[in-house]
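Its first residue numbered 445, the sequence shown is counted upward by one per residue in the numbering used here.
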Amino acid sequence: MPKALIIIAQEGYQDKEYQGTRDGLEDAGNIIIIASKEVGSCSGSLGGSQEATVALKDVQVSDYDRIAFIGGPGAGALASNADALKIANDAYRANMPLGAICIAPTILAKAQVLDGKRATVWNGDGKQSEVLETYGAEYTGEAVTIDGNIVTGNGPGAAEEFGKTLAELKI
Numbered sequence: 445m446p447k448a449l450i451i452i453a454q455e456g457y458q459d460k461e462y463q464g465t466r467d468g469l470e471d472a473g474n475i476i477i478i479a480s481k482e483v484g485s486c487s488g489s490l491g492g493s494q495e496a497t498v499a500l501k502d503v504q505v506s507d508y509d510r511i512a513f514i515g516g517p518g519a520g521a522l523a524s525n526a527d528a529l530k531i532a533n534d535a536y537r538a539n540m541p542l543g544a545i546c547i548a549p550t551i552l553a554k555a556q557v558l559d560g561k562r563a564t565v566w567n568g569d570g571k572q573s574e575v576l577e578t579y580g581a582e583y584t585g586e587a588v589t590i591d592g593n594i595v596t597g598n599g600p601g602a603a604e605e606f607g608k609t610l611a612e613l614k615i
């Protein structure tokens, strides 16, 4: 069974994006492992709760078949988290299916893995697309964008399509 790592913020992950992504990955037969800054309880921005069983600092990318970063108000802090950036970089270098939804594509941008790639992002205030473009990405404005082994989604409404698309990428 393939293993998918879903990375969420300790506080303020987007519940609908998490669930839609998880559903898409599980429907395709993936075992789900949750990571966050620390092991333990994570609180969603809509009141949900999940348990992270792996701390970002302990993630070995080679243990997984695909990795997804979930958005939400807490995800912004991960864009400056060295462990999160290393995970994105390691997954990219391993040519592993890698995804990010909502504001989480800014994590991929700051990890330097979107340079020359097409990508989308939640762009409520116009700032997130600027981050992508600053780091060399072409902002598409689409609900879900695929470029090679990277999938990006723009928010909760795209979560199920994002999860299914990430699950369908070949390992």
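Glycine residues also receive a C-beta, built at the ideal position from the N, C-alpha and C atoms.
Run of the beta strand (DSSP E) containing residue i, from where it starts to where it stops
i: Gly-543; result: 542-545
i: Leu-449; result: 447-451
i: Val-386; result: The chain is shown from 445 up to 615; residue 386 falls before or after that span and cannot be answered.
i: Val-595; result: 594-597
i: Ile-475; result: 475-480
Through-space distance from residue j to residue i, alpha-carbon basis
i: Asn-533; j: Gln-556; result: 7 Å
i: Tyr-457; j: Asn-593; result: 23 Å
i: Gly-568; j: Lys-608; result: 24 Å
i: Gly-484; j: Gly-580; result: 35 Å
i: Asn-474; j: Asp-507; result: 13 Å
i: Leu-610; j: Ala-519; result: 19 Å
i: Ala-528; j: Asp-467; result: 23 Å
i: Ile-590; j: Leu-469; result: 16 Å
i: Lys-614; j: Lys-571; result: 32 Å
i: Ala-535; j: Ala-448; result: 12 Å
i: Thr-564; j: Glu-455; result: 23 Å
i: Arg-537; j: Pro-446; result: 19 Å
Residue i burial status per 10 Å Cβ neighbour count (16 or more: buried)
i: Ala-544; result: buried
i: Thr-578; result: exposed
i: Ala-603; result: buried
i: Ile-514; result: buried
i: Gly-585; result: exposed
i: Ser-634; result: The structure shown does not extend to residue 634, since the chain is modelled only from 445 through 615, so no value can be given for it.
Rounded Cβ spacing between residue i and residue j (contact assumed at less than 8 Å)
i: Cys-486; j: Ile-531; result: Their Cβ separation, rounded to whole angstroms, is 16 Å, which puts Cys-486 and Ile-531 out of contact at 8 Å.
i: Glu-612; j: Ala-587; result: About 16 Å; that fails the 8 Å criterion.
i: Val-575; j: Ala-548; result: No, Val-575 and Ala-548 are not in contact; Cβ-Cβ is about 11 Å, not under 8 Å.
i: Asn-598; j: Trp-566; result: 5 Å
i: Ala-512; j: Thr-550; result: Not a contact, Cβ separation roughly 15 Å.
Residue i: first and last residue of the uninterrupted alpha helix (DSSP H) it sits in
i: Lys-509; result: The amino acid at residue 509 is misidentified as Lys; the sequence shows Asp. Counting along the chain, Asp-509 falls outside any alpha helix (DSSP H), and DSSP gives it neither H nor E.
i: Ile-551; result: 549-554
i: Gln-572; result: 571-578
i: Gln-463; result: 459-471
Are the region 473-483 and the region 499-510 touching by the rule of at least three beta carbon pairs closer than 8 Å? Touching, yes.
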